[in-house]
Amino acid sequence: MKGFDICINDENVKAGLEAGVVAINIDVYNRISVCGVDYSNFASVNWIQSKLNPEDKIKVTVLDIEENSPFSVDMIDRQELLKEYKMLKQDLEKEGLL
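Below you can see the structure in the form of structure tokens.
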């Protein structure tokens, strides 16, 4: 499968999904996360959640991977997601934004 090899200061993590999306995010607080959504079982997956320091080196390589590095999984409740969507939609309609 297509995926990423993410190297942070010589520590490598391989992340990829057969059916889904993988994202590499760095926020304004210098935190990095490598996470995604596995469409085959509608689960949120997480490989990395850590703080970056000045002078940290990050290298991202796109490649074919056979096996992922260990990751955590959180199941997404579709009914709860739909309920939240409807509430947000209603709020935006009340404000005239939709």
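In my numbering, the protein residues as written are 2 to 99. Backbone N, C-alpha and C define an ideal beta-carbon position, used for all residues, glycine too.
Any contact of the stretch 57–66 with the stretch 74–94, i.e. 3+ C-beta pairs under 8 angstroms?
No, the stretch 57–66 is not in contact with the stretch 74–94.
Distance, Cα to Cα, residue 28 vs residue 97?
The alpha-carbon atoms of residue 28 and residue 97 are separated by roughly 30 angstroms.
Is the stretch 67–78 close to the stretch 51–58, with three or more CB pairs under 8 angstroms?
Touching, no, given that fewer than three Cβ pairs across the two stretches are closer than 8 angstroms.
Suppose only complete runs of 3+ residues qualify. What are the beta strand (DSSP E) ranges in the stretch 21–91, listed by chain order?
21–27, 32–39, 44–52, 59–65, 73–76, all fully within the stretch 21–91.
Would you kindly work out how many angstroms separate the C-alpha atoms of residue 77 and residue 21, rounded to a whole number?
Computed Cα separation, rounded: 14 angstroms.
Can you give the Cα-Cα distance for residue 3 and residue 18, rounded to whole angstroms?
Roughly 7 angstroms between the two C-alpha positions.
Can you tell me where the beta strand (DSSP E) holding residue 17 begins and where it ends?
Run containing residue 17: none; DSSP gives neither H nor E here.
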